[in-house]
Every structure is written in structure tokens, then in C-alpha cells.
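Below is one structure, written out as C-alpha cells; comments come after it.
Numbering (the numbering used here), first residue to last: 41 to 127.
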């Protein structure tokens, strides 16, 4: 989860960096290039937020599933230990 937290912290920096692409686009391609960059930035920002958010949700679900399996395995182990002690 530490890597995901770092990626989530990078999102504002990515957005600011992408916003600065409008200036070179304006200098290279004029107003249409700058407008294209300004339309492109929210799309990339939204995609980054979505992808990181979905990975966080998937990891959370995976952790819950693994904890349930661990609890089940511990219960089975406890049952087996009780049987061997009773025998």
C-alpha cells in the first residue's frame, strides 16, 4: 500500500506538470494546440485518478479475502491441534 500512497501523492504534481504543457503547445501550434493540451490534461488526470483508485479498491478486496482465508486456516489448525491433544 505504500507504493499506492506514493502514486496517489503524485497526482497533483502530474496535473500541474501537464497544465504547463499548454504553454509550449501554444508556442508550437498556436491556440488550437494550447486548447488541445487543456482538454488533454483533465482526461489524463481523470484516468490517473481512476486507475490508482481502482488499484486501491482491488488491493483492499484482495487483503480482505486473504484475511478471511488466514482466519479459516487458523481455525482449521486450531481444530487439528485440539483433535491431536484429545487423542
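Every residue gets a Cβ at the ideal spot worked out from N, C-alpha and C, and that includes glycine. Keep in mind that this is a model prediction, so the values were computed, not measured.
Nearest candidate by alpha-carbon position, reference residue 47, set 68, 108, 93 = What you label residue 47 is simply residue 7 of the chain shown in a count that begins at 1. Nearest C-alpha to residue 47: 93.
Around the Cβ of residue 84, are there at least 16 other Cβ atoms within 10 angstroms (buried) or fewer (exposed)?
-> Position 44 of the chain shown, counted from the start, is the residue given in the question as residue 84. Exposed, by the Cβ-count rule.
For my contact list, residue 30 and residue 88 are in at a C-beta cut-off of 8 Å; report their separation, rounded to the angstrom.
-> It is not possible to answer for residue 30, since the shown part of the chain is limited to 41 through 127.
Simplified DSSP state of residue 60, which is helix, strand or coil = Position 20 of the chain shown, counted from the start, is the residue given in the question as residue 60. The answer is coil: DSSP assigns residue 60 none of H, G, I, E or B.
If you draw a straight line from the alpha carbon of residue 90 to that of residue 121, how long is it in whole angstroms?
-> To locate residue 90, count along the chain shown from 1; it is residue 50. To locate residue 121, count along the chain shown from 1; it is residue 81. Answer to the nearest angstrom: the Cα atoms are 46 Å apart.
Secondary structure of residue 70, DSSP reduced to three states = Against the chain shown, residue 70 aligns to sequence position 30. DSSP places residue 70 in coil when its eight states are reduced to three.
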